[in-house]
Amino acid sequence: GAAGLAAAKFLQDSKINVAILEARKRLGGRMCTLKLDEKKKLGLGSQYVDMGASYIHNCDNNNEIFRIALKEKPVCAVGANNRWADTELARWFDEKTGEEMSVMSNSKVHLLNWKIGSAMTRIARKLGQGGASNTDMKQVFEDAKKDMISRVKMKLTDQEQKMLHKIETRMWGYVSRLEDTASELVRHLPQDEVDLNDIIGSELHNMQYAMGLDVRIAQTDNPKVGVVDPADGPGDRLLSNGYGPFLVKHLSKGVRCVTGKSIERISINHLAKGKGSGGGGKRRKRQGMGRG
């Protein structure tokens with residue numbers, strides 16, 4: 147993976163002879179880029195698809211991967227609003243019919259989620275002040291959602307309920323399940339008091355927000371594509387040809403890499419001299435067994 151390759155490259159650059167033995171038939175670990183064949187019937191050319199890491203966050207000089215990208219010059223797509231990870235910039239589809247859901251639904255659910263997040267922060271702060279640290283945040287979420295829907299007099303369709311569930315799972319349970327997320331993590335979020343602002347999430351505000359959202363979704367569908375350029379700002383970069391041809395290739399350059407080989411035995415040979423050497427200068431072989 148990235149850590150092992152980076153460690154090997156550091157040692158190699160320090161004039162230490164290194165060899166990587168990788169049990170898989172490829173390098174990269176969770177960086178895995180597949181190349182899909184051309185689909186002429188669908189009008190699709192050959193495509194690179196990342197099964198793991200796919201874009202670079204926070205593209206500035208503090209990001210080591212971005213600094214490597216400036217040297218290697220991979221082709222990237224720049225995300226609209228500087229983000230690729232925003233769920234509101236995705237196109238949502240009905241899982242049963244396959245029909246695309248409206249931008250109004252997208253806007254309504256994301257505005258509601260924004261207010262819920264603000265309410266969760268407020269509730270978590272109160273719980274934290276009372277000494278609670280392992281509160282079930284799923285219950286806090288449900289309480290905040292009920293309060294916000296009542297406040298803005300909002301009704302959600304079944305599909306909008308499912309959309310909200312997808313967003314909440316991704317946003318609040320990104321690292322762990324929502325049930326395991328402690329109030330300690332949520333209460334430190336910025337206190338923007340969005341939940342107390344009745345204009346945000348209102349029908350008129352939703353219409354206005356949806357209009358701008360429609361433009362940004364279209365920008366996401368047709369991003370600027372070209373060689374990585376710091377002039378495009380610090381936003382996310384989606385690697386057009388994947389992490390494999392870019393970072394794996396860079397980190398493994400000049401390092402001896404053997405794939406499809408797992409470690410079954412480690413033998414250490416050394417030349418011992420002097421008393422207690424077990425043979426006065428003869429080579430002694432010590433063997434250790436290990437599985438890798």
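So the sequence shown is numbered by our numbering: it starts at 147 and just counts up by one.
Every residue, glycine too, gets a C-beta built ideally from N, C-alpha and C.
Item, Value
"For residue 196, three-class secondary structure by DSSP", "strand"
"For residue 345 and residue 216, the rounded distance between their alpha carbons", "44 Å"
"Neighbour flag for residue 287 against chain C, beta carbons, 8 Å", "Annotation note: the requested chain C is absent from the structure, which comprises a single protein chain."
"Inter-residue spacing [alpha-carbon to alpha-carbon] between residue 194 and residue 386", "7 Å"
"Simplified DSSP state of residue 295, which is helix, strand or coil", "helix"
"Any non-hydrogen atom of the ligand SAH closer than 7 Å to residue 212 Cβ", "Inclusion of the ligand SAH in the displayed structure is not the case, the ligand content being empty and no account of it being possible."
"Per-residue burial, residue 161 [other beta carbons within 10 Å of its own, 16 or more giving buried]", "exposed"
"Straight-line gap, residue 378 to residue 407 (C-alpha atoms, nearest Å)", "42 Å"
"Under the three-state DSSP convention, the category residue 430 falls into", "Any reading at residue 430 is ruled out, since the residue's pLDDT is 45, under 50, leaving its predicted position unreliable."
"Those runs of the beta strand (DSSP E) which lie wholly inside the stretch 174–250 and span at least 3 residues", "179–182, 193–196, 221–224"
"Nearest-angstrom Cβ-Cβ length linking residue 151 and residue 180, presumed shorter than 8 Å", "The Cβ separation is near 19 Å, so there is no contact."
"Distance between beta carbons of residue 249 and residue 363, contact taken as under 8 Å", "7 Å"
"Option in 212, 192, 208 with minimal Cα separation from residue 393", "212"
"Length of the line joining the Cα atoms of residue 148 and residue 284", "34 Å"
"8 Å Cβ cutoff met for residue 158 and residue 401", "yes"
"Exposed unless 16 or more other CB atoms sit within 10 angstroms - verdict on residue 427", "A caution first: residue 427 carries a pLDDT of 44, below 50, which makes its placement in the model too unreliable to give a value."
"For residue 363, the first and last residue of its enclosing alpha helix (DSSP H)", "349–367"
"Burial state of residue 357, where buried means 16 or more other Cβ atoms lie within 10 Å", "exposed"
"Unbroken alpha helix (DSSP H) run spanning residue 150, endpoints", "148–159"
"Spatial distance of residue 223 from residue 273 (CA atoms)", "43 Å"
"Residue(s) in a DSSP beta bridge with residue 404", "167"
"Continuous beta strand (DSSP E) stretch holding residue 395: start and end", "Premise fails: residue 395 lies in the alpha helix (DSSP H), 395–398, not in any beta strand (DSSP E)."
"Distance, residue 214 Cα to residue 397 Cα", "10 Å"
"Residue 431 versus residue 411: straight-line alpha-carbon distance, rounded", "In this prediction, residue 431 scores a pLDDT of 44, lower than 50, which makes its location untrustworthy; the coordinate-derived value is nonetheless stated afterwards. Straight-line Cα distance between these residues: approximately 13 Å."
"Inter-residue spacing [alpha-carbon to alpha-carbon] between residue 267 and residue 294", "13 Å"
"Distance between beta carbons of residue 298 and residue 264, contact taken as under 8 Å", "No, residue 264 and residue 298 are not in contact; Cβ-Cβ is about 13 Å, not under 8 Å."
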